[in-house]
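Number of protein chains: 2
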Amino acid sequence: MRTAAVVGTGLIGTSVALALTRRGVRVHLLDADESAARTAESLGAGVCRMPDGTVDLAVLAVPPGRVGRVLADKQACGLARSYTDVSSVQAGPQAEVVACGADPARFIGGHPMAGRERSGPLAACATLFEDRPWVLTPCPATNRETLNRALELVALCGATPVLMEAPAHDRAVAVVSHAPHVVAALMAARLIGIEDDASRLAGQGLRDVVRIAGGDPRLWTDILAANAGAVADVLAELADDLSTTVVALRALTSADPADRALGDRLVSGLLARGVEGRAGLPGKHSDVLPVCVPVRVLIGDQPGELARLLAATSELGVNIEDMSIDHSPGSPSGLVELAVTATSATHLAQRLRADGWNVQRVPAVLGDRSTAPVPAPDPETAATAA
Amino acid sequence: MRTAAVVGTGLIGTSVALALTRRGVRVHLLDADESAARTAESLGAGVCRMPDGTVDLAVLAVPPGRVGRVLADKQACGLARSYTDVSSVQAGPQAEVVACGADPARFIGGHPMAGRERSGPLAACATLFEDRPWVLTPCPATNRETLNRALELVALCGATPVLMEAPAHDRAVAVVSHAPHVVAALMAARLIGIEDDASRLAGQGLRDVVRIAGGDPRLWTDILAANAGAVADVLAELADDLSTTVVALRALTSADPADRALGDRLVSGLLARGVEGRAGLPGKHSDVLPVCVPVRVLIGDQPGELARLLAATSELGVNIEDMSIDHSPGSPSGLVELAVTATSATHLAQRLRADGWNVQRVPAVLGDRSTAPVPAPDPETAATAA
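Residue numbers (the working numbering), protein chains in the order written: chain H, 79 to 464; chain A, 79 to 464.
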């Protein structure tokens, strides 16, 4: 790609232009609001005038409802060989492309999954899309040159392409973006009119749940309207679960033990499904829990033995994730089980032994080849440590 | 307070004991599980034996369902002059106190609003309660000595006391803690079975909404069961709003413009209530948006003037929150409006003037006495910058 046009120099358009310019592409900046295009130009995003010939790719960074019309106009004046958009919904604009009489062969829908709380060209940055997913939704008519130009655009912006059908994209963003916004807003609305003392009790959990509810209602109504059917489907399922939850909670207040048992089963089942759903999200590295291994130490029953063991462990720089003490009845000694990460278990056991502690053999875990593959880590301990 | 007893040396009990010990209180650690009490002792939280006489205050850090029974037992053996608990619900345990025949005059309910994802004494820390709210729920029978002992406990732990009636506390935690947990879980449950490509599109917004849904379902079912009526009331309101939202979203897909207008009004109204509810939460300092003031600069219409202005502003270390350019028709110059924080506006204007820029007078804002109190900041600009 040597030349490109960005139509619409808001946050996304200007960020695309900055990324392309930085990679040596000559970018033409076009916007109905000339001052936005001039701002983008002054940031070094490209040049603020029409190209002399036809550019390789035009990125239509305009509102979803205008994609079809703008595409038809720009194709009519031969702006580019291929076109893509950056709409947060895809099926609607694709239908508009056909309805406006534009050529669908030279168009591919696109949605870079990146944004900022601020909008406009001044909020733009060349690295906005780095390591983010960028959905491309080719329609059956889309030609290979257009698909390849879009893939090159995604690569130049440092993003990861994800090819999807437009309706599947729209269902996916309904679940991962649009429905969560509604849920956050409806939860936040419960805070209207609560007493000051009550809101003083709010902790980080509530703040996280309602954080995105601060978004602009006008902007978000437009986003939801463009994907209303798919969002309604997700929320209708959620409404069914919510009704069940309310009934189950009322049953928990019943005098009848059978009602309470049913309520308990329903509530714990719904919460368990929440754990399962959350666990399916691709993990960040910081979310990954370490595998724990028990290091078992036999200690005398004198006062201070346990404190001395903990101090020794601490001096070795090993974090204890969990601990239990098993006192044998009638014996003056006890078995202390220190749950530590698999990577530090062998080291800890060796050093404690060297210091004279009575340490039992450390069980091996997958990937730890320093000891023979004897018993697997105690699932009880691992569960507690998690 | 010179002496205290902590009954139940889990995360909360051991953290209380550590905080009190650090402030010079002699703490006796009691737990049905002797190994937990010994662990707490080895961490320096106190001594693991019954006091010889009666201590000033006993903190019952036991499950809510056991508070009444444990209180009656400990009062019968004269453990302490005053008692408090650390239950996450308050009305139920208070009723149990009376039902078990304990003396309510020497008991005050308490709920320190702090916790960690890990449990048990090894997760304890002396600073767990610092700057956190600690609710106290005296009942009419609670005597003054007991109230004052509890206030001293809260102060020694570095927390802020909040006096509430038990039912008001339970309604408050239903809104700020229990209902958000259910909402997060039900949203997370929608992610079960979605395609890998869809979950790759998940961003920070979704992660924040569902973060707390990872909590242990068994533990959370017990918490919800203890406060089921209040949580059901909050969720029933939310269910009403959710049904309205689904109907409104379906209306947005209608062919009838009147239906769409109604849907639009309903959805934007619900989202606006979310913004309002979230705004009522006591702000963290990082959440407070700066007050913006426009600095207006008249520039020539030559290429590069705007870029030169932005570079000059950047060199002065001033962040531009928003910008607009007003080109006067038929004039070779334009008026650039840079929205910057009130604290940097006067400095920026002075420095730009010194460098030869044509800067208009900066409007004064509340608390800025460096210029005469002329026009208030443009509400349009302030809104855009926010």
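Where a beta carbon is used, it is the ideal one built from N, C-alpha and C, also for glycine. For clarity, every value in this text was computed on a predicted model and none was experimentally measured.
Cβ-Cβ distance between residue i and residue j below 9 angstroms
i: Gly198(A); j: Asp400(H); result: yes
i: Asp181(A); j: Pro171(A); result: no
i: Gly131(H); j: Thr99(H); result: no
i: Leu394(A); j: Asp319(H); result: no
i: Ala169(A); j: Pro245(A); result: yes
i: Met79(H); j: Leu135(H); result: yes
i: Thr220(H); j: His189(H); result: no
i: Val85(A); j: Asp109(A); result: yes
i: Pro441(H); j: Val371(H); result: yes
i: Val29(A); j: Thr331(H); result: No information on residue 29(A) is available, as it lies outside the stretch 79 to 464 that chain A covers here.
i: Gln438(A); j: Val396(A); result: no
i: Val145(A); j: Ser166(A); result: no
i: Ala262(H); j: Val232(H); result: no
i: Val251(H); j: Leu279(A); result: yes
i: Leu107(H); j: Glu119(H); result: yes
i: Val253(H); j: Leu327(A); result: no
i: Leu89(A); j: Arg196(A); result: yes
Per-residue contacts from residue i into chain A (C-beta, under 8 angstroms)
i: Glu315(H); result: Arg268
i: Val324(H); result: Ala310, Leu313, Ala314, Ala317
i: Gly358(H); result: Leu269, Ile270, Ile272, Ser277
i: Ala237(H); result: What Ala237(H) touches in chain A: nothing, since even the nearest Cβ is about 12 angstroms away.
CB-CB length for residue i against residue j, believed under 8 angstroms
i: Trp435(H); j: Val375(H); result: 5 angstroms
i: Ala237(A); j: Glu208(A); result: 7 angstroms
i: Arg101(H); j: Thr81(H); result: Not really, about 13 angstroms apart at Cβ, beyond 8 angstroms.
i: Gly412(A); j: Ile403(A); result: 5 angstroms
i: Ala548(H); j: Ala204(H); result: Because chain H is modelled from 79 through 464, residue 548(H) falls outside the range shown and cannot be assessed.
i: Arg227(A); j: Ser160(A); result: 4 angstroms
i: Gly347(A); j: Ser255(H); result: Not really, about 21 angstroms apart at Cβ, beyond 8 angstroms.
i: Ile377(H); j: Leu388(H); result: Contact flag wrong, Cβ pair sits at about 11 angstroms.
i: Leu149(H); j: Phe185(H); result: 6 angstroms
i: Gly358(A); j: Ile270(H); result: 7 angstroms
i: Leu340(H); j: Ala329(H); result: 6 angstroms
i: Arg268(A); j: Val240(H); result: Not quite, the Cβ-Cβ distance comes to about 20 angstroms (not below 8 angstroms), so this is no contact.
i: Asp342(A); j: Ala304(H); result: Their Cβ separation, rounded to whole angstroms, is 12 angstroms, which puts Asp342(A) and Ala304(H) out of contact at 8 angstroms.
Proximity test, residue i beta-carbon vs the ligand HEM heavy atom, cut-off 8 angstroms
i: Val437(A); result: Here there are no bound small molecules, and the ligand HEM is not part of this structure.
Contact list for residue i against chain A, beta-carbon separation under 7 angstroms
i: Val353(H); result: Ala291, Gly292, Pro295
i: Trp298(H); result: Leu349
i: Leu413(H); result: The premise fails here: Leu413(H) is roughly 10 angstroms from chain A at the closest Cβ pair, so nothing lies under 7 angstroms.
i: Asp342(H); result: Thr299, Ala303
Proximal residues of chain H, C-beta to C-beta of residue i below 9 angstroms
i: Ala276(A); result: Met242, Ala246, His247, Arg249, Ala250, Val251, Val253, Val254
i: Gly88(A); result: The contacting residues do not exist; Gly88(A) stays about 12 angstroms from chain H at best.
i: Val345(A); result: Val260, Pro295, Trp298, Thr299, Leu302, Ala303, Ala306
i: Ile403(A); result: Glu112, Ser113, Ala114, Arg116, Thr117
i: Ala154(A); result: Within 9 angstroms Cβ-Cβ: nothing; Ala154(A) doesn't reach chain H, min ~28 angstroms.
Chain-ordered chain A contacts of residue i [CB-CB under 9 angstroms]
i: Gly307(H); result: Leu327, Arg328, Leu330, Thr331
i: Ala385(H); result: Glu119, Ser120, Leu121, Gly122
Chain-ordered neighbours of residue i on chain H, where CB pairs are closer than 8 angstroms
i: Val258(A); result: In the sequence under discussion, the amino acid at residue 258(A) is Pro, which differs from the Val named in the question. Per Cβ cutoff of 8 angstroms: Met265, Gly283, Leu284, Val287, Val288.
i: Ile301(A); result: What Ile301(A) touches in chain H: nothing, since even the nearest Cβ is about 10 angstroms away.
i: Ser392(A); result: Ordered by position in chain H, no residue passes the 8 angstroms Cβ test against Ser392(A), which lies about 11 angstroms from the chain.
i: Leu388(A); result: Ser120, Leu121
i: Ala339(A); result: Chain H residues near Ala339(A): none, gap ~11 angstroms exceeds 8 angstroms.
Interface flag, residue i vs chain B, CB-CB below 9 angstroms
i: Glu399(H); result: In the displayed structure, chain B is absent; the protein chains listed are H and A.
Under 7 angstroms by beta carbon: chain H residues contacting residue i
i: Val261(A); result: Val261, Met265, Val287
i: Ser321(A); result: Ala317
Checklist entry - Taking only runs of the beta strand (DSSP E) that begin and end inside the stretch 227-272 of chain A, which ones reach a length of at least 3 residues, in chain order? => result DSSP runs (the beta strand (DSSP E)) wholly in the stretch 227-272 of chain A: 238-241.
Checklist entry - What are the start and end residues of each continuous alpha helix (DSSP H) run of 4 or more residues lying completely inside the stretch 155-182 of chain A, in chain order? => result 169-177
Item to check | Positions along the stretch 169-203 of chain A whose CB lies within less than 7 angstroms of some CB in chain H | outcome: Met191, Gly198, Leu200
Checklist entry - Enumerated in chain order, which unbroken segments of the alpha helix (DSSP H) with a length of 4 residues or greater are wholly contained in the stretch 304-332 of chain A? => result 306-330, all fully within the stretch 304-332 of chain A.
Next on the checklist: Extract the residue ranges of the beta strand (DSSP E) inside the stretch 101-163 of chain H, only unbroken runs of 3 or more that lie entirely within it.
Outcome noted: 104-108, 133-138, 158-163
Next on the checklist: Tell me which residues of the stretch 202-223 of chain A have at least one Cβ-Cβ distance to chain H shorter than 9 angstroms, keeping chain order.
Outcome noted: Legend: CB atoms of the stretch 202-223 of chain A lying less than 9 angstroms from CB atoms of chain H belong to residues Arg210, Pro211, Val213.
Next on the checklist: Any C-beta of chain A within less than 7 angstroms: which residues of the stretch 117-143 of chain H qualify?
Outcome noted: Thr117, Ser120
Next on the checklist: Using a Cβ-Cβ cutoff of 7 angstroms, what residues of the stretch 411-442 of chain A are near chain H? List them in chain order.
Outcome noted: Close to chain H, meaning a Cβ-Cβ distance shorter than 7 angstroms, is no residue of the stretch 411-442 of chain A at all.
Item to check | Whole alpha helix (DSSP H) elements within the stretch 391-439 of chain A, 4-residue minimum | outcome: 420-432
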